[in-house]
Amino acid sequence: MSANSSLLEQLHLLRSADDWSPFLARFSNLDVYYTKEYAELFAVIQNGTPNAIYFENENGKVFYSFIKRGIDGTGELYFDLITPYGYGGPLVEGDPTIIRSFYSLFTEYCLKQNIVSETVTLHPLLKNHEYIKEVMKTDYVRKTTAVDLSLSLDEIRSQYSKNAKRNIRKAVKNEVTISVANSKEEIDQFTNMYYETMDRHKASKFYYFDRSYFHKQLMDTNLSKSVLLLAWSHSEMIAGVLLLIGNQFAHYHLGASRAEFLSLRPNHLLFDAMIEYAKMCHSKFLHLGGGYLDEDELYRFKTSFTNKASFDYYLGKHIINEKKYSELTKPAIKSSEKSYFPAYRMGQND
Numbered sequence: 001m002s003a004n005s006s007l008l009e010q011l012h013l014l015r016s017a018d019d020w021s022p023f024l025a026r027f028s029n030l031d032v033y034y035t036k037e038y039a040e041l042f043a044v045i046q047n048g049t050p051n052a053i054y055f056e057n058e059n060g061k062v063f064y065s066f067i068k069r070g071i072d073g074t075g076e077l078y079f080d081l082i083t084p085y086g087y088g089g090p091l092v093e094g095d096p097t098i099i100r101s102f103y104s105l106f107t108e109y110c111l112k113q114n115i116v117s118e119t120v121t122l123h124p125l126l127k128n129h130e131y132i133k134e135v136m137k138t139d140y141v142r143k144t145t146a147v148d149l150s151l152s153l154d155e156i157r158s159q160y161s162k163n164a165k166r167n168i169r170k171a172v173k174n175e176v177t178i179s180v181a182n183s184k185e186e187i188d189q190f191t192n193m194y195y196e197t198m199d200r201h202k203a204s205k206f207y208y209f210d211r212s213y214f215h216k217q218l219m220d221t222n223l224s225k226s227v228l229l230l231a232w233s234h235s236e237m238i239a240g241v242l243l244l245i246g247n248q249f250a251h252y253h254l255g256a257s258r259a260e261f262l263s264l265r266p267n268h269l270l271f272d273a274m275i276e277y278a279k280m281c282h283s284k285f286l287h288l289g290g291g292y293l294d295e296d297e298l299y300r301f302k303t304s305f306t307n308k309a310s311f312d313y314y315l316g317k318h319i320i321n322e323k324k325y326s327e328l329t330k331p332a333i334k335s336s337e338k339s340y341f342p343a344y345r346m347g348q349n350d
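Positions 1 to 350 (UniProt numbering) are the ones given, in order, by the sequence shown.
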């Protein structure tokens with residue numbers, strides 16, 4: 001028996017052709033970001049292939065989904081790993097020290113597969129940065145915020161900021177209404193509005209998702225669902241939010257709005273509707289994400305609905321093959337850019 005075969009007996013490797021659901025369903029804290037369908041969507045966008053690993057021993061179990069990407073310009077078949085867009089990293093149940101056993105095997109597997117490095121966007125609500133720091137470097141990125149849905153809807157709303165309450169009343173007075181998208185035409189109309197919003201914010205090319213993405217993301221799986229909430233001014237669609245819903249957590253995934261209608265305050269009413277919808281789905285938290293920087297305008301807007309609750313977002317940086325990583329990294333890289341990871345992808349659009 002080869003060493004690789006022995007490893008695979010301990011690490012259950014799951015590819016796109018496999019059914020991930022029976023393994024994910026063993027976790028009470030599973031989230032939409034770990035589903036195969038989500039990984040497949042972003043593997044196309046992030047130029048890789050979706051994979052997952054399941055590991056179990058007497059201390060607990062681990063599920064880890066990732067995208068495997070080829071490294072350009074090596075002349076050889078070398079790869080690195082990245083989390084599907086959003087938040088992820090190892091999903092652990094049981095004794096958190098299982099992460100050491102898992103990574104001992106996983107690192108060995110990665111070396112045999114010519115995997116050079118691993119970039120992990122760690123999950124603020126699962127707080128997996130607290131134990132993954134045992135096996136890799138973790139850097140604090142920024143604060144995120146979430147609504148605690150264990151409270152009653154009245155209690156949640158009572159904790160909105162004065163400004164949020166005032167703007168919700170203004171939207172209602174302006175006869176803004178909210179509906180759930182229920183047709184291909186409405187999804188397409190939202191997509192156009194999303195592209196306009198990205199243009200307005202001068203977003204990077206990465207965020208211009210293909211039109212088919214929006215339709216695929218709104219297809220429910222047996223472990224998660226998605227919904228598109230739309231704001232209207234009479235017959236005009238003026239804003240919208242895409243909400244992802246997993247076992248315990250709901251996530252504000254992306255939004256769009258028309259600039260000429262922002263004075264009607266549709267986004268405030270949409271966020272209130274999103275909170276109500278997530279609570280109706282029995283989610284424990286609605287994660288709203290963060291801003292571009294701590295305490296910026298976007299972050300302050302989001303925290304106006306969350307009673308300023310904060311959850312830390314960390315990035316995991318794991319060099320697996322030190323020798324190859326050094327070869328790939330340009331020696332002339334500026335000191336101000338050394339924090340970029342992996343350094344050999346500096347200037348590339350991830």
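Built from N, CA and C at the ideal position, the CB exists for glycine as well.
Small disclaimer: the values here were computed from a predicted structure and weren't measured.
In the three-state reduction of the DSSP assignment, Met198 falls in the helix class, which pools H, G and I.
Rounded to the nearest whole angstrom, the CA to CA distance from Phe311 to Gly89 is 16 Å. Take Asp139, set aside five residues on each side of it, and the residues of its chain with a beta-carbon closer than 7 Å to its own are Tyr314, Leu315 and Lys317, in chain order. Distance from the CA of Thr145 to the CA of Glu76, rounded to the nearest whole angstrom, comes to 42 Å. With respect to the C-alpha of Asp154, the residue from Trp20, Ile275, Glu9 and Leu293 having the closest C-alpha is Ile275.
DSSP places Asn167 in the uninterrupted alpha helix (DSSP H) bounded by Lys162 to Lys173. The three-state reading of DSSP puts Ser104 in helix, counting H, G and I together.
Taking the C-beta atoms as reference points, Asp296 is found no nearer than 9 Å to Tyr160. The residues Ile99, Arg100 and Tyr103, in chain order, have a CB closer than 7 Å to that of Val135 in the same chain once the five nearest residues on each side in sequence are set aside. Judged by DSSP secondary structure, Glu118 falls within the beta strand (DSSP E) whose first and last residues are Ile115 to Thr121. When C-beta atoms of the segment 258 to 269 are compared with those of the segment 167 to 178, three or more pairs fall below 8 Å, so the two segments count as touching.
For Phe214 against Ile187, the beta-carbon gap comes to about 6 Å, under 8 Å, which counts as contact. Two segments are said to touch when three or more pairs of C-beta atoms, one from each, lie closer than 8 Å; by this definition the segment 246 to 257 does not touch the segment 60 to 77.
Out of Asn29, Lys284 and Ile238, the CA that lies nearest to the CA of Asn128 is found in Asn29. For Ala39, the enclosing alpha helix (DSSP H) begins and ends at Lys36 to Ile45. Nearest C-alpha to Tyr109 among Asn222, Ile53 and Phe27: Ile53. The Cβ neighbour count for Pro84, taken over all protein chains shown within 10 Å, is at least 16; the residue is labelled buried. DSSP places Thr191 in the helix class (H, G or I) of the three-state scheme.
Phe23 is not a Cβ neighbour of Leu11, given a cutoff of 9 Å.
When secondary structure is reduced to three states using DSSP, Met274 falls in the helix class. Using a Cβ distance threshold of 9 Å, Leu81 and Lys279 do not count as a contacting pair. One thing to note: Thr49 has its Cβ no nearer than 9 Å to the Cβ of Thr221. In this structure, Val227 sits near Ala181, with a CB-CB distance shorter than 9 Å. For Thr97, the number of other beta carbons within 10 angstroms of its own is below 16, and it is reported as exposed. Apart from sequence neighbours up to five positions away, the residues of its chain that approach Tyr33 with a beta-carbon distance below 7 Å are Pro84, Gly86, Tyr87 and Gly88, ordered along the chain.
For Pro50, the three-state secondary structure derived from DSSP is strand. Per the coordinates, the alpha-carbon of Pro342 lies some 25 Å from the alpha-carbon of Lys202. Per the coordinates, the alpha-carbon of Leu218 lies some 11 Å from the alpha-carbon of Ser183. Judged by DSSP secondary structure, Ser183 falls outside any alpha helix (DSSP H); it is assigned neither H nor E. Contact check for Arg211 against Met237 fails: the beta carbons are separated by 9 Å or more. Exclusion of the five residues before and after Met198 leaves Tyr207 and Tyr208 as the residues of its chain whose Cβ lies within less than 7 Å of its Cβ.
The Cβ atoms of Ala256 and Tyr194 lie closer than 9 Å to each other. Residue pairing by DSSP puts Phe311 in a beta bridge opposite Thr144.
Here Arg69 carries a strand assignment [DSSP, helix/strand/coil].
Scanning Tyr340, Tyr344 and Ile320 for the CA closest to the CA of Glu327 turns up Tyr344. When the Cα atoms are used, Ile71 and Glu40 turn out to be separated by approximately 19 Å.
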